[in-house]
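Only one structure is covered here, and it is reproduced in the block below.
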Amino acid sequence: MDMLKRLNLAIAYIEENLCDKIDFDEVVKIACVSKDSFMRFFSYMTGMTLHEYIRRRKLTLAAYELQNGKEKIIDIAIKYGWDSADAFTKAFVKQHNITPTMARKRDEALKIYPPASFYIMIKGAKEMDFRIIELEETEVYGVSKQFIGQGYKTREELRHEMWADDCDNVPGRICTGHWNEHNNHSFDGVWYGIWQDGKYMIAREKADTNNNALEKIIISSGTYAAFKTDCGGLAWEEFPKLRELIFESWLPNSEYRQKEDIAIEVLHLWTDRDIRNKNRYYEVWIPVVKK
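Here the sequence shown is numbered in my numbering, starting from 118 and rising by one per residue.
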């Protein structure tokens, strides 16, 4: 049995026993390494100790149960190994920045950690800013371009072409003026990048556009899983990393499945370069239903 398979079996054992006492001797027996070696390897590859990983996984599962069930907080606390509601609340707030009571609201943001899995690289075990939102039907207007069958090697290649000033400059076709133009705020606010049915569309709500010849698309109402990046990053770096975490780590291990072939990138941008560089952040929304 190869090393990667042994490591993944050890993680599977941990996942199966998150609600029970985890026998670390059994973990390293499955992995066929010494306890010290396993602990050092895990910390090096994931950036956290094994005990911290287990705590974060327990608090992730506890948050899901709070959002989707009616169990008492103390019962969930005891299930995942806390002796009191106060101790559980303290740990919960430290990870999620909200109390267990607040987490019962499905639109509250959570800091979740998908299960770790060992491949040539590590998938999962990374913090994700996650929440479930109920979206109302939204009309947006913009410009689309076919992705599938048009020779683009990656999504990032098409996205860059449509956003770049020296290429298609779609934002300049939707709003008045240019990025970084003095006293121009027409680009401030929310932009959508919508991947659907083999196309990519840059769009905004009608009130934020200045072109009556734009395509219209309706974002369906329903339940969406929403994931947010930190502030200040670049879209071409942040979206691929976020998509990988969502579709390769979170979605396969969550209690949800994607409802339809659409992924919505939400860009929070500003015209002023300094403000934009500091405060911009991005989200990805995908429609989901319970498995």
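By construction, the Cβ of each residue, glycine as well, lies at the ideal position given by its N, Cα and C atoms.
Residue span of the beta strand (DSSP E) that contains residue i, given as start and end
{"i": "T255", "result": "T255 to Q263"}
{"i": "P231", "result": "Where P231 is concerned, there is no enclosing beta strand (DSSP E), given that its DSSP letter is neither H nor E."}
{"i": "H385", "result": "I379 to L386"}
{"i": "M165", "result": "Where M165 is concerned, there is no enclosing beta strand (DSSP E), given that its DSSP letter is neither H nor E."}
{"i": "F247", "result": "M245 to L252"}
{"i": "A320", "result": "K316 to E322"}
Endpoints, the alpha helix (DSSP H) within which residue i is located
{"i": "Y313", "result": "The sequence given here places Gln at residue 313; Tyr does not occur at that position. Not the alpha helix (DSSP H): Q313 falls in the beta strand (DSSP E), residues G306 to Q313."}
{"i": "G339", "result": "Element bounds for G339: not the alpha helix (DSSP H) but the beta strand (DSSP E), G339 to K345."}
{"i": "E354", "result": "A352 to E361"}
{"i": "D142", "result": "F141 to A148"}
{"i": "W280", "result": "R272 to W280"}
{"i": "Y130", "result": "M120 to E133"}
{"i": "I336", "result": "Per DSSP, I336 belongs to no alpha helix (DSSP H); it is in the beta strand (DSSP E), E332 to I336."}
{"i": "Q375", "result": "Looking at the DSSP string, Q375 is not in any alpha helix (DSSP H); the run it does join, the beta strand (DSSP E), is Y373 to Q375."}
{"i": "D203", "result": "A202 to H213"}
{"i": "R290", "result": "V287 to I291"}
{"i": "K187", "result": "Neither: K187 is in no alpha helix (DSSP H) and is coded neither H nor E."}
{"i": "T216", "result": "Here T216 belongs to no alpha helix (DSSP H), and DSSP marks it neither H nor E."}
Neighbourhood of residue i by C-beta distance below 7 Å, restricted to the same chain and skipping five residues each side
{"i": "T346", "result": "E355, L359, Y398 and Y399"}
{"i": "Q184", "result": "A220, R221, R223 and I249"}
{"i": "R290", "result": "V260 and N328"}
{"i": "M118", "result": "Note that M118 scores a pLDDT of 49, beneath 50, so its modelled location is shaky; the value from the coordinates is reported in the next line. The answer is none, since no qualifying residue turns up."}
{"i": "F158", "result": "none"}
{"i": "G294", "result": "N301 and S303"}
{"i": "Q152", "result": "Note that residue 152 is Lys in the sequence shown here, rather than Gln. Closer than 7 Å at Cβ, skipping near neighbours: F141 and V145."}
{"i": "E244", "result": "K228 and Y230"}
Expected contact under 8 Å - CB spacing of residue i and residue j to nearest Å
{"i": "M318", "j": "I334", "result": "6 Å"}
{"i": "Y373", "j": "V406", "result": "7 Å"}
{"i": "W296", "j": "V287", "result": "Wrong, their Cβ atoms sit about 12 Å apart, outside the cutoff."}
{"i": "G349", "j": "K395", "result": "6 Å"}
{"i": "V260", "j": "E332", "result": "7 Å"}
{"i": "S234", "j": "I128", "result": "7 Å"}
{"i": "I381", "j": "Y309", "result": "6 Å"}
{"i": "L227", "j": "A180", "result": "5 Å"}
{"i": "T326", "j": "Y258", "result": "5 Å"}
{"i": "D246", "j": "F344", "result": "6 Å"}
Cβ neighbours of residue i in the same chain (closer than 6 Å, five flanking residues each side left out)
{"i": "C284", "result": "E278"}
{"i": "T177", "result": "I229 and Y230"}
{"i": "I190", "result": "A202 and P217"}
{"i": "N134", "result": "none"}
{"i": "I147", "result": "L126, A127 and Y130"}
{"i": "C136", "result": "K196"}
{"i": "C292", "result": "S303, F304 and N327"}
Cβ-based neighbour list, residue i, same chain, cut-off 8 Å, excluding 5 preceding and 5 following
{"i": "I237", "result": "No answer about I237 holds up, because its pLDDT of 49 lies below 50 and its placement is not dependable."}
{"i": "E264", "result": "A small correction: the amino acid at residue 264 is Phe; Glu does not occupy that position in the sequence shown. Only R272, L275, W312, G315, K316 and Y317 meet the Cβ criterion."}
{"i": "A208", "result": "R172, L176 and W199"}
{"i": "W353", "result": "E273, R276 and H277"}
{"i": "M156", "result": "T166 and L167"}
{"i": "D378", "result": "Q313 and D314"}
Opposing strand residues paired with residue i [DSSP bridges]
{"i": "I403", "result": "A342"}
{"i": "Y398", "result": "H385"}
heavy atom of the ligand FAD below 7 Å from residue i C-beta
{"i": "V405", "result": "You won't find the ligand FAD in this model; it holds no ligand whatsoever."}
Proximity test, Cβ basis, 8 Å: residue i and chain C
{"i": "E298", "result": "The structure shown has no chain C; it contains just one protein chain."}
(request) Would you be able to state if there are at least three C-beta pairs under 8 Å between the region 355–368 and the region 330–341? (result) Touching, no, given that fewer than three Cβ pairs across the two stretches are closer than 8 Å.
(message) Closer than 8 Å is the cut-off here; do at least three beta carbon pairs connect the region 155–167 with the region 192–208?
(response) Here the region 155–167 makes no contact with the region 192–208; the two share fewer than three CB pairs at distances below 8 Å.
(request) Inspect the CB distances between the region 385–393 and the region 250–269 and report whether three or more fall short of 8 Å. (result) With the cut-off at 8 Å, the region 385–393 and the region 250–269 do not touch.
(message) Quick test of the definition: if touching needs 3 or more C-beta pairs under 8 Å, does the region 186–202 touch the region 306–326?
(response) Flag = no, the region 186–202 and the region 306–326 do not touch.
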